[in-house]
Amino acid sequence: MIAMTPRVTVYEVGPRDGLQNEAARLATPDKLALLGALADAGLTRIEATSFVSPAWIPQLADAAEVVAGLPARAGVRYAALVPNARGLARLLAVLDARGAGAPPVAAAVFLSASESHNRKNVNKSIDETLAAFGEVIGPALARGLEVRGYVSTAFGCPFEGKVDAGRVAEVALRLLEMGCGQVSLGDTIGVGTPTEVRAVLRRLLPAVPAERLALHGHDTRGTALANVLAALEEGLTTFDAAVGGLGGCPYAPGASGNLATEDLVFLLDGLGLETGVDFGRLVAAGALAQRLVGRRLPGRALQAALAARGEA
Ligand code: HMG
Ligand code: MG
C-alpha cells in the first residue's frame, strides 16, 4: 500500500530542458515572463537556463541575461546547468554582478550512466566528467551555492539500450559523495517503467535519505506518471516536470517532452498531496509557454483545462 509523504516538491525544468530542445529561440524577455508565470503559480524550484557551450545549445546562449533578470519571489530558488569550470565561472560572474535581494540560484551538474550517451552529450567519458566535476561542485559549494546532480539514461540509453541499475546507483552515489545536495534520476528517453524505477531506488534508498533523490521523467512512452506513483510509494518526495510537457535532450535521439507539470500536479492534487502549486495559475503559465513556442504542447491536463475554458 502507498505510505506517502504529504508534501511533494515539483521541480520545474521547462525553461531549461524545454527550451533547449525547441527549434525556435525565445527572446530573453519572453523567457523571463515565462519564469515569472511559473513562480507565480507557486513553483519554488525552477531550472531557468544552462551555462553549457552556446555552440552546443544555442537556444540558451542568453543564460547570463536570464540569470541577471530572474524575477525575485519569496521562497523561490532557481537553478542553472553548469557542465564544467567554464560554465561555473560564467554563472558566478553574473551572480557577482547582481544587486542585493536577487533570488538564489543553484548549480546543476549532469552526466549519464551510459558511456555512449555521456560522450555524445558532453564529449567526455564518465570518469573524465566526474573528474571535471571536482572543479565545479566544491567551488560552487564554497561560494554558498546549492548543487544538484543529474544521472541521465538512468533507465535506458538511446545507444546502449538497458542500463544496469547497479551502475546507475554507483554514479548517483558518487555525485552525492562529491557534494550534490540532491541527485535526480533522468529517464532521458522515456523508456523506464515502475519495475526499473523501483530497482534503482531500492539500491539507493537504504543508504540515501529520500529527499536527496528526485525522479526526472520524459514521457515519451506514457509511463512517466506510473513511474512517479511507484517512486512515491518508495518514499521519493521530489519530481521534475516541464510546463506543458516541453522538453528533450538534443543529444539523445528519440528523446521527447518531459512529464508535463500540469499532469504531475493534477495527479498529486488527486492523491491529496500538497505541492503549493495553484493549478489554475499553472495552466495560465502553460498557455503562455504554448503561445511563446508557437505550437500546441503535449501536456494532457493543460489541453483539457484549456478546452474546458474554450481556449484550446
Ligand atoms: P567541448 O567542445 O568538448 O569543450 O564541449 P572544450 O572544453 O573542448 O572547449 C571547446 C570550446 O568551448 C572552448 O572555446 C571553450 O571555452 C568553450 P574556444 O577556446 O574554442 O573558443 N566552452 C564553453 N563555452 C561556454 N560555456 C561553457 C563552455 N565549456 C567549454 N560551459 C561541453 C564540452 C560540456 C561544453 C559541451 O559538450 C556542452 O556544452 N554540452 C552540453 C550538452 C547539453 O547541454 N545537453 C543537454 C543538457 S543534459 C539533459 O538535457 C539531460 C537532463 O535533462 C536529464 C535527463 O533528461 O536525463 C539534465
Ligand atoms: Mg531531461
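Numbering (this note's numbering), first residue to last: 1047 to 1358. No residue lacks a Cβ here, since even glycine has one placed at the ideal position from N, Cα and C. Quantities reported herein were computed from a predicted structural model and do not represent experimental measurements.
In the three-state scheme derived from DSSP, where H, G and I count as helix and E and B as strand, Phe1097 is classed as coil. Contact between the stretch 1293–1312 and the stretch 1106–1115 is absent, with fewer than three C-beta pairs closer than 8 Å. Inside the stretch 1223–1252, DSSP marks whole beta strand (DSSP E) runs of 3 or more residues at positions 1228–1233, from first to last along the chain. For Phe1156, the uninterrupted beta strand (DSSP E) segment begins and ends at Val1151 to Ser1158. In this structure, Ala1069 is the residue among Asn1167, Ala1069 and Val1056 with its C-alpha nearest to the C-alpha of Arg1341. Between Leu1137 and the set Asp1173, Tyr1057 and Gly1190, the nearest pair of CA atoms involves Gly1190. The C-beta distance from Gly1294 to Gly1238 rounds to 15 Å, too long to meet the 8 Å contact threshold.
Exclusion of the five residues before and after Leu1305 leaves Gly1263, His1264, Asp1265, Ala1270, Leu1271, Val1274, Phe1285, Asp1286, Ala1287, Ala1288 and Gly1291 as the residues of its chain whose Cβ lies within less than 8 Å of its Cβ.
About 6 Å separates the CB atoms of Ala1186 and Leu1134; that is less than 8 Å, so the two are in contact. In the three-state scheme derived from DSSP, where H, G and I count as helix and E and B as strand, Phe1205 is classed as coil. For Arg1327, the uninterrupted alpha helix (DSSP H) segment begins and ends at Phe1325 to Val1339. Going by DSSP, Arg1194 is part of no alpha helix (DSSP H) but of the beta strand (DSSP E) stretching over Val1193 to Ser1198. At a threshold of 6 Å, Cys1226 does not count as near ligand 1, since its beta carbon sits no closer than that to any of the ligand's heavy atoms. For Ala1277, the enclosing alpha helix (DSSP H) begins and ends at Ala1270 to Glu1280. Buried is the label assigned to Lys1077, since at least 16 other Cβ atoms lie within 10 Å of its Cβ. Distance between Gly1345 and Gly1326, taken at the CA atoms: about 14 Å. In this structure, the alpha-carbon of Ala1350 lies about 15 Å from that of Ala1331. Secondary structure of Val1056 (DSSP, three-state): strand.
Ala1118 and Arg1144 have their alpha carbons spaced roughly 12 Å apart.
C-alpha of Tyr1297 to C-alpha of Val1214: approximately 19 Å in a straight line.
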